[in-house]
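In the working numbering, the protein residues as written are 271 to 647.
Encoded structure:
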């Protein structure tokens, strides 16, 4: 329970349906900082809100100190990945390594029958077991952030909000249950990154990381200076400080070792071939059972899915091949795929089954809810 409306509604819903609910909130970072921070999940006021919902609905609530686990599993990698020139998505690692691993094991230790969360995604039973499907509301779908969920975890997890048509429907349920958080705004920021200032957080975690260097074009010509590679990301155009050129330039590569930011024209951001790693395949057939798979892939949470095919993982390593050049495939980001419909059309939003995904490998590029634990009475 994050203290937001989604997890609160899930807890209230399960309590009403007769489950023996135990609400759990994770303290993931310094509580003193949390109390002063607004607009992010897991802040101090959110812990209070979660506790109040539990009191109103009449079930126990616990706050677990996961600060050390969160730092080791999420924050340290976030800093190191950023310094390596990639673009990490820490919310995915939090789901994978904290909520759906450590907390899930805690739920099993408590002899719970399942662990329910407020994520917008659907779990459906198929011929081969539980399947992961996109949410009914395409605008709220969180399958991108849950791409690493395994079959074993799916067997224990429940997502009661995935079938709802909109966030308004969730808030209507909260109002019906009389929850004080019914109109609470959604969290926006990464919980440990105040005001979206990644560089300030990384400088604090890795002193000396913001070393200055050169901004160069693809031929190696020096165009300017920068105040630290960590302040740039692939695809960035604004804030480069190298104006006055005939055509706009974009960040197309980051060389952390040489402390160089590489810039080039927009067309150099497009690619037809995207290598991936850490594949989590949820298809009924094995990934290597076909020479290639034709799927729909999302490489950013806010971008539409694109038609792609996957090459055999043997010898050359797994990769997605795009039907046409695509932008937005940045090292360190996940690529989440869904299978086509039986007739050969690409599945529409809200009906697609998540087949598998993998994070884009980090490259030096030289060229909200927290779960609650429940058990049936």
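Note that beta-carbon positions come from the ideal geometry of N, C-alpha and C, so glycine has one too. Only a predicted model underlies this, so the values are computations on that prediction, with no experimental measurement involved.
Helix, strand or coil at residue i [DSSP, three-state]
i	result
residue 473	helix
residue 548	strand
residue 372	helix
residue 389	coil
residue 423	helix
residue 318	helix
residue 284	helix
residue 523	strand
residue 457	coil
residue 481	coil
residue 272	coil
residue 637	Residue placement at residue 637 cannot be trusted, given a pLDDT of 28 that sits under 50; the coordinates are not used to answer.
residue 401	strand
residue 612	Because the pLDDT of residue 612 is 21, which lies under 50, any placement of that residue in the model is unreliable, and the question is left without a value.
residue 308	Annotation note: pLDDT 48 at residue 308 (below 50); position unreliable, no value reported.
residue 357	coil
residue 278	helix
residue 494	strand
Candidates the options: closest to residue i by CA position
i	options	result
residue 325	468, 350 and 285	285
residue 411	559, 436, 383 and 396	436
residue 342	398, 364 and 442	364
residue 530	385, 515, 374 and 485	485
residue 537	556, 517, 314 and 546	517
residue 525	322, 327 and 353	353
residue 345	409, 331, 378 and 461	461
residue 648	385, 408, 561 and 321	As displayed, the chain neither begins before 271 nor continues past 647, which places residue 648 out of reach and without an answer.
residue 340	299, 351 and 566	299
residue 377	291, 434, 362 and 349	291
residue 477	329, 330 and 349	349
residue 533	347, 509 and 552	509
residue 482	523, 528 and 463	528
residue 498	511, 405, 504 and 479	479
residue 495	506, 488 and 512	512
residue 493	475, 504 and 519	519
residue 332	443, 375, 356 and 271	271
residue 566	439, 421, 329 and 414	414
residue 535	547, 356, 522 and 438	522
residue 338	545, 439, 548 and 372	372
residue 506	489, 475 and 539	539
Contacts around residue i, its chain only, beta-carbon distance under 6 angstroms, and the 5 residues preceding and following it disregarded
i	result
residue 394	401 and 403
residue 446	none
residue 283	430
residue 469	500 and 501
residue 423	370
Cβ-based burial, residue i [other Cβ within 10 Å; buried from 16]
i	result
residue 293	buried
residue 416	buried
residue 586	Here the model assigns residue 586 a pLDDT of 39, short of 50, so the residue's position is not dependable, and the following value carries that caveat. Exposed, by the Cβ-count rule.
residue 554	exposed
residue 550	buried
residue 458	exposed
residue 491	exposed
residue 397	exposed
residue 360	buried
residue 559	exposed
residue 515	exposed
residue 407	buried
residue 568	buried
residue 405	buried
residue 382	buried
residue 355	buried
residue 443	buried
C-beta neighbour in chain C for residue i, strict 8 angstroms
i	result
residue 289	Chain labels in this structure do not include chain C; a single protein chain is all it has.
Cβ shell of residue i (< 7 angstroms), same chain only, five flanking positions each side left out
i	result
residue 466	459
residue 367	343 and 344
residue 433	392 and 406
Paired residues, beta bridge with residue i - DSSP
i	result
residue 295	333
residue 394	401
residue 339	Residue 339 pairs with nothing; no bridge assigned.
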